[in-house]
Amino acid sequence: MRPAWHFAQRLCGRRAAVGVEVGVAEGFNANVILQEWPELTLHLVEIDARYAPRIHERLAAWHAPERYTLHIDDSVDVAREFPDEFFDIVYLDDDHRDAAVTRGLRAWYRTLRIGGVLAGHDYDLAVEGDVKTAVDAFLAAEQLALTVEQWDWSAVRVDHGR
Ligand SMILES: C[S@@+](CC[C@H](N)C(=O)[O-])C[C@H]1O[C@@H](n2cnc3c(N)ncnc32)[C@H](O)[C@@H]1O
6 MRPAWHFAQR LCGRRAAVGV EVGVAEGFNA NVILQEWPEL TLHLVEIDAR
56 YAPRIHERLA AWHAPERYTL HIDDSVDVAR EFPDEFFDIV YLDDDHRDAA
106 VTRGLRAWYR TLRIGGVLAG HDYDLAVEGD VKTAVDAFLA AEQLALTVEQ
156 WDWSAVRVDH GR
């Protein structure tokens, strides 16, 4: 499991938890997460419907159907379906361009509980976009502390009393 998910798992302990991965592709990462974090229920958001059969094929072979929900739609549209402070971890690994990352961060942040983990992949992989620029600006504006481990970035949501 990638570092940001391990981090969130450590914070949650053995209690039931709920997470979202935005950008799923064939479901490789989702499969590992579900295997290594048994107490987690996972929402998966993928815009490209062509991936859906392969995602279901991979996950259904190993996991009970109630452990995950696949949403085939645009990230920001799916975010609107969830209430405030719903998730223990929000993990963004979809469109890595600066404006797209900022759009995703703005849409999903309110759905993360205080003390939950905001995270994503490919923090400093300039060849694939500019995640770093968008993440750095968002975390600075929200006064959140950044951790980078391997390709993952993460930050714990803090209540600044705003
Ligand atoms: C890097 S891949 C995801 C890989 C996956 N997280 C893994 O590690 O196995 C990025 C995915 O994000 C999807 N994507 C791009 N823009 C999106 C959007 N606006 N909403 C939802 N998914 C999006 C793409 O279709 C692609 O499958």
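Numbering (the working numbering), first residue to last: 6 to 167.
Beta carbons are placed, not taken as given, at the ideal position from N, Cα and C, and that holds for glycine.
Within 8 Å, strictly: CB atoms of residue i and residue j
| i | j | result |
| --- | --- | --- |
| Y9 | D157 | Checking the sequence, you will find Ala at residue 9 rather than Tyr. Going by C-beta atoms, A9 is nearer than 8 Å to D157. |
| D98 | E26 | yes |
| A57 | I77 | yes |
| A22 | E41 | no |
| G28 | L47 | no |
| D103 | G134 | yes |
| T116 | V136 | no |
| D127 | H165 | no |
Rounded separation between residue i and residue j - CA only
| i | j | result |
| --- | --- | --- |
| L75 | F143 | 27 Å |
| M6 | W67 | 16 Å |
| D79 | H11 | 26 Å |
| T107 | Q14 | 25 Å |
| F33 | Y73 | 14 Å |
| E51 | H61 | 12 Å |
| R20 | E147 | 27 Å |
| L16 | V153 | 17 Å |
| L49 | A69 | 15 Å |
| R162 | G18 | 17 Å |
| D53 | A145 | 32 Å |
| E71 | Q155 | 31 Å |
Any non-hydrogen atom of ligand 3 within 7 Å of residue i CB
| i | result |
| --- | --- |
| Y56 | This structure lacks ligand 3; the ligands present are ligand 1. |
Expected contact under 8 Å - CB spacing of residue i and residue j to nearest Å
| i | j | result |
| --- | --- | --- |
| E31 | R59 | 5 Å |
| L64 | A105 | 25 Å between Cβ atoms; not a contact. |
| A160 | A150 | 6 Å |
Cutoff 8 Å: residue i Cβ touching any chain D Cβ
| i | result |
| --- | --- |
| A21 | Among the protein chains of the structure shown there is no chain D, as only one such chain exists. |
Would you say the segment 106-122 touches the segment 86-94, given that touching needs at least three Cβ pairs under 8 Å?
-> These segments touch.
Is the segment 105-113 in contact with the segment 69-86, if contact means three or more CB pairs nearer than 8 Å?
-> yes
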